[in-house]
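Below is one structure, written out as structure tokens, with a few remarks after it.
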Amino acid sequence: MRTVSIFKNGNNRAIRLPRDLDFEGVSELEIVREGDSIILRPVRPTWGSFASLEKADPDFMAEREEIVSDEGRFEL
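Residues in the sequence shown are numbered from 0 upward in steps of one, following numbering that gives the first Met the number 0.
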């Protein structure tokens with residue numbers, strides 16, 4: 000385990016993450032306090048953001064091969 004210094008940055012307290020603990024490709028972190036620990040996690044897209052994505056074209060996958068056959072299935 001390593002230690003880092005806490006410093007003042009304006010009205011906030013801050014730390015510098017060592018390079019080997021960097022969150023590559025991440026621009027936003029979620030921060031949570033659990034007891035006396037602070038946990039940093041990359042922000043993951045939510046299902047709410049899924050609704051804001053562009054819709055697929057009407058002909059998207061109109062012609063596709065059948066991967067699963069009904070052979071051997073029975074009615075319930």
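From the three backbone atoms N, C-alpha and C, an ideal C-beta is built for every residue, glycine too.
Which value, in whole angstroms, describes the spacing of the CA atoms of residue i and residue j?
i: F63; j: F6; result: Just to set this straight, residue 63 is Arg in the shown sequence, not Phe. C-alpha separation (whole angstroms): 58 angstroms.
i: G71; j: M60; result: 26 angstroms
i: I37; j: S51; result: 31 angstroms
Do residue i and residue j have their C-beta atoms within less than 8 angstroms of each other?
i: I30; j: L16; result: no
i: L28; j: P44; result: no
i: V3; j: I14; result: yes
Could you check what DSSP says for residue i in three-state terms: helix, strand or coil?
i: R18; result: helix
i: S36; result: strand
Return yes when the C-beta of residue i is under 7 angstroms from any heavy atom of the ligand ZN, and no when it is not.
i: V67; result: In terms of ligand content, the structure shown is empty, and the ligand ZN therefore cannot be addressed.
Any idea which residues DSSP pairs residue i with across the strands?
i: A13; result: F6
i: E29; result: R40
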